Each structure stands twice: as C-alpha cells, then as structure tokens.
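Asker: One structure, pasted below without further comment.
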Amino acid sequence: MRQHQNRSLKERLSNSAFCHFEQRGELPCIVVQHPGFTASLLPQGAQLLSFCPSGDTSWIWLSPTAEYQQGTSLRGGIPVCWPWFGNADKNSPEVQAAMAEGQPLPAHGFARTNRWTLTRLYEAADRVEIDMSLPQSHHIQSVWQGDAELTARWILTPTSMEMQLITTNTGQSTLAFSQALHTYLPTTDINATRIGGLSGHPYIDTMTGWQRKQQQGDVVFQGETDRIYLQQASPLRLVTPQRTLLIHSRGSRSTVVWNPWITKAQRLSQFEDNAWQTMLCIETANAADDWVNLAAGANHCLSLRLTVE
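Heads up: the sequence shown runs through residues 23 to 331, numbered per my numbering.
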C-alpha cells in the first residue's frame with residue numbers, strides 16, 4: 023500500500039516545475055525548490071518541515087534529531103493537531119462526545135501521524151500552492167466517530183507562508199472539535215525573544231494547575247512555558263535576534279505558547295538537551311474554551327500566515 027502511494031506521488035510530481043519527491047528515512051517528502059523560496063513537507067501528517075525565502079534561513083524550526091518514522095510525528099515543523107488538541111480528557115464534553123470509548127486516544131488526535139493524499143498542486147512564477155486531504159480510514163473511525171473531510175492547504179510565496187486547515191462536516195448532526203497548527207519557530211536566543219500582541223489577554227497557565235491569569239506586557243521566557251491564550255489577537259509579533267516575524271491568524275480565538283526549558287527538554291524525544299534555547303512554539307488554535315461547533319454541511323477554516331516586518 024505504501025509503495026503504491028509513493029509511486030503515485032512520484033508520478034504526480036514527475037512533471038512539476040518546482041517540486042520533487044525525496045525519501046527521508048521511512049517517509050516520503052515533497053521538496054519545493056522555487057526561485058524565490060524553498061520548502062519541504064511530509065504527506066504523513068501533512069507536516070510542513072521548512073520554509074526558507076531565498077537569502078534567508080528557515081522561518082520554521084525542525085529538530086536536528088528528528089526521526090523520519092512511520093506513525094510518529096516529527097519534532098518540529100507544523101504538526102496538525104486534529105480533531106482534538108492536547109490530551110483527550112482535557113477537552114470539553116462536546117469535543118469528547120465523538121471520541122471512541124474504551125480506546126487509548128493519542129495526544130493531539132490522529133491527523134499528525136496518518137498519511138495524507140496530495141490532491142492539488144498549482145505552480146506559478148510568484149507562488150506554489152499545495153493541497154492535501156486526509157482519508158477517513160478504518161484506523162481513524164476506531165478512535166473517533168465524527169464525519170468530516172479535512173484539507174490542508176499551503177500558499178507559499180517569496181515573502182509569505184500561509185497554511186489553512188479546512189474541516190467540512192459531512193455528517194447529519196453538529197460536530198464539535200478542537201485543533202491547532204502546532205508551529206515550531208526558531209530563535210538564536212530564547213532569552214532575547216519576546217511575543218507582542220497578547221498584553222491584557224487572559225490565559226490558562228498549565229504550569230500552575232490550569233490557573234487563569236492575565237498577560238502583562240510582552241510574553242518573555244524565564245522558565246518552562248505552557249499557556250493557552252484566549253481572545254486571539256492578530257497579528258502577533260515574534261521578535262528574535264534574527265528577525266521580527268508577524269503571525270496572522272483566522273478562524274482562531276486561542277493561541278498556545280510553549281517552551282520546555284531545561285528539565286523537560288531532557289525528557290523529550292527527538293530533542294537535544296539544549297534545543298530549548300533556540301526554539302519556541304506559537305500555535306494557532308481552537309483550544310480550551312475556543313472549540314469549534316460546526317453545523318452539518320458547514321466548513322471551518324483555521325489559518326496561519328507568516329510574514330516579516
């Protein structure tokens with residue numbers, strides 16, 4: 023089955039102007055080499071691994087020890103969390119209603135470890151657009167009883183990267199779900215990094231027993247950080263020593279900010295002990311209070327767009 027999928031993908035890309043197939047460990051990868059930028063993404067998990075405008079370094083962080091294994095999400099890039107975010111039991115009763123009972127449920131859902139299908143490729147002098155869809159396989163139905171079609175779309179240009187996650191409710195009743203674009207971002211020094219745009223916003227601090235607090239000023243990093251910000255603002259400003267990145271979002275009223283710091287970094291898989299110094303996550307999400315309640319036949323688009331200031 024996997025060999026057939028890989029052959030089909032190779033054939034699909036054989037006439038592409040800018041995209042080609044590359045095998046990385048156990049996983050196929052789509053590599054984009056456009057005159058204005060380069061990028062790479064995996065059909066497993068529809069996971070963007072890198073995006074690099076010409077003359078720049080990647081705007082996306084990927085662990086140097088990332089493992090290209092079937093059924094395992096890579097550390098870094100933009101993993102897709104869907105149809106629930108985080109641990110299943112931390113979601114609202116409405117989101118949990120579609121989860122299968124008596125089954126072990128993976129953190130962040132199943133979209134990030136399943137094989138997606140390339141459904142559209144558009145190439146032009148100023149952009150590359152790629153669509154992938156997630157089939158409703160038996161494995162998915164064994165842990166989730168929802169009816170939905172899921173599409174991931176990337177719009178890549180020399181000056182921006184946009185990712186959209188589009189959920190269409192194909193069932194006969196309302197569907198509740200949570201989700202996130204779990205974006206890993208680089209910095210040369212976490213101590214000299216800050217996030218603007220969240221001052222005054224309430225947030226849930228998972229490091230202090232899920233207490234609700236309010237942000238004062240820019241977000242800075244002084245220890246392990248794991249927060250769900252509510253009342254989404256757009257754009258956010260990520261200021262690092264190398265650049266100021268603007269993070270625009272749609273279809274979202276929550277943002278997750280994460281850095282494992284020293285102790286937790288030593289326990290993480292595919293993660294060097296000192297990697298916490300050069301990365302952080304800012305996740306465009308529908309999480310905590312901000313879950314999606316989607317009517318039958320309707321669709322919801324969660325989107326993230328990166329530009330530089």
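A virtual CB, placed ideally from N, CA and C, is assigned to each residue, including glycine. Please read these numbers as outputs of a predicted model, since none were measured by experiment.
In the DSSP output, what is Pro180 paired with across the bridge?
Answerer: Taking the sequence shown and counting its residues from 1, the one referred to as residue 180 is at position 158. According to DSSP, Pro180 bridges with nothing at all.
Asker: Considering Cα atoms alone, identify which of Pro75, Pro65, Leu187 is closest to Ser95.
Answerer: Here residue 95 refers to the residue found at position 73 when the sequence shown is read from its first residue. Among Pro75, Pro65, Leu187, the Cα nearest to that of Ser95 belongs to Pro65.
Asker: Look at the alpha carbon of Lys32 and the alpha carbon of Leu143, and state the distance between them as a whole number of angstroms.
Answerer: As a working note, residue 32 is residue 10 in the sequence shown. As a working note, residue 143 is residue 121 in the sequence shown. Computed Cα separation, rounded: 13 angstroms.
Asker: Applying the 10 Å Cβ sphere with the 16-neighbour rule, what's the burial state of Pro208?
Answerer: Here residue 208 refers to the residue found at position 186 of the sequence shown. Looking at its Cβ environment, which holds 16 or more other Cβ atoms inside 10 Å, Pro208 is buried.
Asker: Quick one: which unbroken beta strand (DSSP E) runs of 3-plus residues sit fully inside the stretch 199 to 278? Chain order, please.
Answerer: Entirely contained in the stretch 199 to 278, the beta strand (DSSP E) runs reaching 3 residues are, in chain order, 201 to 203, 206 to 208, 216 to 218, 224 to 227, 233 to 236, 247 to 252, 258 to 261, 266 to 272.
Asker: Secondary structure at His42, three-state DSSP: helix, strand or coil?
Answerer: Counting from 1 along the sequence shown, the entry for residue 42 is found at position 20. His42 falls in the strand class under three-state DSSP.
Asker: Can you tell me where the alpha helix (DSSP H) with Arg29 in it begins and where it stops?
Answerer: For the purposes of this step, residue 29 is taken as residue 7 along the sequence shown, with counting starting at 1. 24 to 35 is the extent of the alpha helix (DSSP H) around Arg29.
Asker: Tell me, which residues are paired with Ile304 by DSSP?
Answerer: On the sequence shown, residue 304 is found 282 positions in, with the first residue counted as 1. Bridge partners of Ile304: Val279.
Asker: Which residues share a DSSP beta bridge with Glu151?
Answerer: If you number the sequence shown from 1, residue 151 lands on position 129. Tyr144, Ile177.
Asker: Let's see if you can read the secondary structure: which residues bound the alpha helix (DSSP H) around Gln118?
Answerer: Taking the sequence shown and counting its residues from 1, the one referred to as residue 118 is at position 96. Taken as a continuous stretch (DSSP letters only), the alpha helix (DSSP H) holding Gln118 covers 115 to 118.
Asker: For His270 and Pro257, which I take to be in contact (beta-carbon distance under 8 angstroms), what is that distance rounded to the nearest angstrom?
Answerer: The residue labelled residue 270 in the question sits at position 248 within the sequence shown. The residue labelled residue 257 in the question sits at position 235 within the sequence shown. Yes, they are in contact, since the Cβ atoms of His270 and Pro257 sit about 5 angstroms apart, within 8 angstroms.
Asker: Can Arg275 and Asp312 be called in contact, C-beta distance under 8 angstroms?
Answerer: Here residue 275 refers to the residue found at position 253 of the sequence shown. Here residue 312 refers to the residue found at position 290 of the sequence shown. Contact flag set, yes.
Asker: Have a look at the DSSP bridge pairing and note the partners of Ala61.
Answerer: In the sequence shown, residue 61 corresponds to position 39, counting from 1. Ala61 pairs with Val54, Phe73.
Asker: Report the three-state DSSP secondary structure of Trp166 (helix, strand or coil).
Answerer: As a position in the sequence shown, residue 166 is number 144, starting the count at 1. Residue state, collapsed to three classes: strand.
Asker: My understanding is that Ile100 touches His204, with C-beta atoms under 8 angstroms, so please give their C-beta distance in whole angstroms.
Answerer: Position 78 of the sequence shown holds residue 100. Position 182 of the sequence shown holds residue 204. Going by Cβ atoms, the distance from Ile100 to His204 rounds to 6 angstroms, so yes, they are a contact pair.
Asker: Buried or exposed for Thr277, going by 16 or more other Cβ atoms inside 10 Å?
Answerer: Looking up residue 277 in the sequence shown gives position 255. Thr277 is buried by the Cβ-count criterion.
Asker: Taking the alpha carbon of Glu184 as the reference point, which residue from Pro86, Cys74, Gln244, Asp78 has its own alpha carbon closest?
Answerer: Locating residue 184 in the sequence shown gives position 162, where the first residue counts as 1. That would be Cys74, whose Cα lies nearest to the Cα of Glu184.
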